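Undergrad: Mind looking over this structure? Questions follow.
2 protein chains.
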Amino acid sequence: MRPLVAVDWGTSSLRVARVGSDGTVLEERTSDRGILSVPAGSFPETLRETCGDWLNQPDVLCLVSGMAGSRQGWQEAPYCTCPAGFADVAHALAWIEPGRIALVPGLCFEFLDTPDALRGEEVQVFGAMDLLHLDDGVFVLPGTHCKWVRVAEARVQSFATFMSGEFYSLLRQQSILARTMPDEDGPLEEAAFLRGVHHAQQARSLLHSAFSARTLALFDILPTQALPSYLSGLVIGEELRARALHGLEVVLIGAPALTERYALALHTLGCASHRLGSEATWRGHWALARTLQKA
Amino acid sequence: MRPLVAVDWGTSSLRVARVGSDGTVLEERTSDRGILSVPAGSFPETLRETCGDWLNQPDVLCLVSGMAGSRQGWQEAPYCTCPAGFADVAHALAWIEPGRIALVPGLCFEFLDTPDALRGEEVQVFGAMDLLHLDDGVFVLPGTHCKWVRVAEARVQSFATFMSGEFYSLLRQQSILARTMPDEDGPLEEAAFLRGVHHAQQARSLLHSAFSARTLALFDILPTQALPSYLSGLVIGEELRARALHGLEVVLIGAPALTERYALALHTLGCASHRLGSEATWRGHWALARTLQKA
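Top line first, the protein sequences correspond to chains A and B. With this note's numbering as the guide, the letters of the first sequence map in order to residues 1 to 295. With this note's numbering as the guide, the letters of the second sequence map in order to residues 296 to 590.
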C-alpha cells in the first residue's frame, strides 16, 4: 500500500492522520481550521500548513473527506447515489491532483420524493464495517445532525438524518424550557434521562412531549437540575421511537459522551449496541485507499 | 346579569372588554402591559389604569383569565383538574375582591404520569362551546404553544400542548435551516405548505422531516422563498399526524392568519374545521359569569 494521508475536514475542524500500510494510525494532528474559516482558494495552502511534511513523501495518497467536498468547501465533489459501497465511492472520488489528492464524495438518498444527504459519515461507516467485519447492519452517528445508515451486502442502501443535536441545543438554550433549567448541564442524571427515553416511546411527537420538560418542573415532579438530562432522553428517545428498532443491534460511531447516551437509551429499550470512536474515520480512509489500489 | 368586565391578561398583552348582559361586546381595549411588564404588587393599579372607569360601575363583576393567574402573575390561581366544565371552573375562581374581581384558574391534566397545563385557553374553549352550542368536540388553539382540547358532556376531558409555534420560530430563525431561507417569510406559498403537510404524514418524526427543508433547497427542488411555507407545513402537519384525526371535525380558535393555515392543512387531510377568533374569549368570560350567577 502507498503511504496514506487521511484528512477529515469538517465545518469547524480539520483533522489529519498519517496511516500505515496495515491501517495503523502513525500520527494524528487536529486544528480549528474548519472549512468555514478557510477563504476560497486557500484550501491547498491550509492543507500544506497542516501536514505538508507528510504530503512530501514519495508516492503519497491523500484522501479528504467531509464538508471540504461541499459547495462551500475546497471544490464540490458530487454526491454518490445509494446504494453505494467501497468501489462506488472510490470510483466517484473527485481528484484535485490526479492520482495523488482526492475529495471523497458524500452520499445522497431519496425517499418519498425527498432527498437526504451526508458528507464524511460514509467514511466512518466504511471504517466501522472494516473494523467489525460487517457487510450488513445499522450504523448510527450521533451529533448535531445524527445519521442513521443501513448497510446490506457491503453497500449503504439508505440513510436518514435526524437533527437531534441541533433540536436539543435550541430547546435547551433558546426555548421556554431554558427558563426552568440550570445554566450548566452538569453530569448526566441517568434516571431522568431514561424517564425521557421511555416517555418518548409513548408520545407521538416531540412537539408535544417536549412541553413535559416544563410541566414536570412546574408541578415539582422533577428537580430543575435533572431537566437537561430528561430533555436529552426525550430527544434521543424520539429518534429511537421513529426508527422502530425492535431488538435490532446497532453500531454507534462518534464521541464517547454521545454514544454512551445512545447506548444507554438503546439498552433500556432492549437493543444491543457496539461503540466506536475516531478509529472508524481513519480506518475508513484506509479501506477506501485499499479499494482504490486493488482496482 | 350584572355588568361584566372581561380581562384577558397574557404574558405580553392585556386585553379588556365591557360585555353586555346578552353577551354583546360593548367596548374593547388593548395594551402591551402583559404580566412580564408589570412589577409585583402593581396588578391592581395596572388594571385600574386600563379600565378603572368600567370597574366603577355599581354591582360590576370582573373576571381575569390568562397568565395573570400564574405564579409570575397577580396571584396564583391553582389549576382546576380535568374533567372540568363551566361549574367546576366557576367554583374554583380565585377571588381577589370577594364577589367582585376574580382570577379564572387554568386547567391541568395528567397522562402517562406526566402533567400538562393551560391558562386562558379554557375560557376560549368555553366561549366557543357557547357560541356554537357544542357539548362535545375537539378544539384547537394554535399559537406559540398550541393546545388541543377534547370536550365531552360539556366538560374539558383532556388536552395536550404542542410547542409548534415555538419550534417553527426556532427552526426558522436559529437553526441551520435559516441559512437557506429568505430574511422575511413573505405570503404563504400554498403548494409548498401542503407538500410539507403531506410529507409530515409519512415521516415519523420532525427531527427527521425538518432536514428536508434543507435538502430540498440543496438539490434545487424547492426555491428558497418557498421554504418557510414548507417548514410551516411540516410543523403543522406533524401535529396533525400525532393527533391521528381520521376525518374528525375540529373547531379552530385564534388569530385568522394561523387558523387559516390549520384549516388548509386539515382540509387537505380530509378534515372539516370551523374557525373562531377573539369573540370566543369574551363569550367565554360571559358564559362563566352566567354560570356563576345561576349558582
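Virtual Cβ for every residue (Gly too), placed ideally from N, Cα, C. Quick caveat, the model's predicted, so the values are computed rather than measured.
1) On the CB-based measure, 16 or more other CB atoms within 10 Å of its CB, does residue 565 of chain B come out buried or exposed?
2) Pull out every residue of the region 227–250 of chain A whose Cβ sits closer than 9 angstroms to any Cβ of chain B, in chain order.
3) Which ranges does the alpha helix (DSSP H) cover as unbroken runs of at least 4 residues, wholly within the region 420–503 of chain B, from first to last along the chain?
4) Leaving out five residues on either side along the sequence, give the residues of the same chain with a beta carbon under 8 angstroms from the beta carbon of residue 87 of chain A.
5) If we call anything under 8 angstroms between Cβ atoms a contact, is residue 405 of chain B one with residue 207 of chain A?
6) Please name the residues in the region 172–193 of chain A whose beta-carbon is closer than 7 angstroms to at least one beta-carbon of chain B, in chain order.
7) At a Cβ cut of 7 angstroms, what residues of the region 146–176 of chain A count as close to chain B, listed as they run along the chain?
8) Given a cut-off of 8 angstroms on the beta-carbon distance, is the pair residue 209 of chain A and residue 234 of chain A in contact?
9) Indicate the three-state DSSP secondary structure (helix, strand or coil) for residue 35 of chain A in the structure shown.
10) So which residues of chain B does residue 118 of chain A contact, with C-beta pairs closer than 9 angstroms?
11) Residues of chain A with CB under 8 angstroms from residue 284 of chain B, in chain order?
12) Are three or more beta carbon pairs between the region 134–141 of chain A and the region 513–524 of chain B nearer than 8 angstroms?
13) Should residue 107 of chain A be flagged as near chain B, meaning a C-beta pair shorter than 8 angstroms?
14) Per DSSP, which one or two residues make a beta bridge with residue 281 of chain B?
15) My assumption, with CB atoms under 8 angstroms, is that residue 370 of chain B sits in contact with residue 391 of chain B. Please give the rounded CB distance.
16) Between the beta-carbon of residue 346 of chain B and the beta-carbon of residue 310 of chain B, is there less than 8 angstroms?
17) I'd like the span of the beta strand (DSSP E) that includes residue 357 of chain B, first residue to last.
18) With 7 angstroms as the limit, tell me which residues of the region 260–292 of chain A have their beta carbon closer than that to any beta carbon of chain B; keep them in chain order.
19) List, in chain order, every chain B residue whose beta-carbon is nearer than 9 angstroms to that of residue 206 of chain A.
20) Quick one: grab the DSSP three-state call for residue 53 of chain A.
21) Would you kindly report the start and end of the unbroken alpha helix (DSSP H) that includes residue 574 of chain B?
22) Secondary structure at residue 310 of chain B, three-state DSSP: helix, strand or coil?
23) So residue 116 of chain A and residue 46 of chain A are in contact, right, with Cβ under 8 angstroms, and what is the actual spacing, rounded?
24) Does the region 143–151 of chain A come within contact of the region 163–180 of chain A, defined as at least 3 CB pairs closer than 8 angstroms?
25) Return the residue from the list B:486, B:506, B:522 that minimises the CA-CA distance to residue 559 of chain B.
26) Comparing C-alpha positions only, which one of A:5, A:10, A:11 sits nearest to residue 17 of chain A?
27) In terms of alpha-carbon separation, which member of B:336, B:472, B:465, B:421 lies closest to residue 447 of chain B?
28) Within 10 angstroms of its Cβ, does residue 285 of chain A collect 16 or more other Cβ (buried), or is it exposed?
29) In terms of DSSP beta bridges, what is residue 80 of chain A paired with?
30) Which term fits residue 12 of chain A, buried or exposed, when burial requires 16 or more other beta carbons within 10 angstroms of its beta carbon?
31) Please list the segments of the beta strand (DSSP E) lying wholly inside the region 520–559 of chain B, counting only runs of 3 or more residues, in order along the chain.
32) For residue 219 of chain A, return the contacting residues in chain B, with the cut-off set at a CB-CB distance below 7 angstroms.
33) Tell me the residue span of the beta strand (DSSP E) that contains residue 408 of chain B.
34) Measuring only the C-alpha atoms, how far is residue 42 of chain A from residue 103 of chain A?
35) Determine, using beta carbons only, whether residue 87 of chain A comes closer than 8 angstroms to chain B.
36) Figure out for me which residue from B:374, B:316, B:304 has the closest Cα to the Cα of residue 588 of chain B.
TA: Based on what the coordinates show:
1) exposed
2) 235, 238, 239, 241, 242, 243, 244
3) 459–469, 485–497
4) Apart from sequence neighbours up to five positions away, the residues of its chain that approach residue 87 of chain A with a beta-carbon distance below 8 angstroms are 291, 295, ordered along the chain.
5) no
6) 174, 175, 176
7) 160, 161, 162, 163, 164, 166, 167, 170, 174, 175, 176
8) The beta carbons of residue 209 of chain A and residue 234 of chain A sit closer together than 8 angstroms.
9) Residue 35 of chain A falls in the helix class under three-state DSSP.
10) Result: empty, since nearest Cβ-Cβ is about 10 angstroms, beyond 9 angstroms.
11) No answer is possible for residue 284 of chain B: it lies beyond the span of chain B, which begins at 296 and ends at 590.
12) no
13) no
14) With chain B covering only 296 through 590, there is no way to say anything about residue 281 of chain B.
15) 7 angstroms
16) no
17) 356–360
18) none
19) 458, 462, 500, 501, 502, 533
20) Note: residue 53 of chain A maps to helix in three-state DSSP.
21) 574–589
22) strand
23) Contact doesn't hold; Cβ gap of about 29 angstroms is too wide.
24) yes
25) B:486
26) A:5
27) B:421
28) buried
29) A:107
30) exposed
31) 545–548
32) The answer, in chain order, is 410.
33) Per DSSP, residue 408 of chain B belongs to no beta strand (DSSP E) and is neither H nor E.
34) 15 angstroms
35) no
36) B:316
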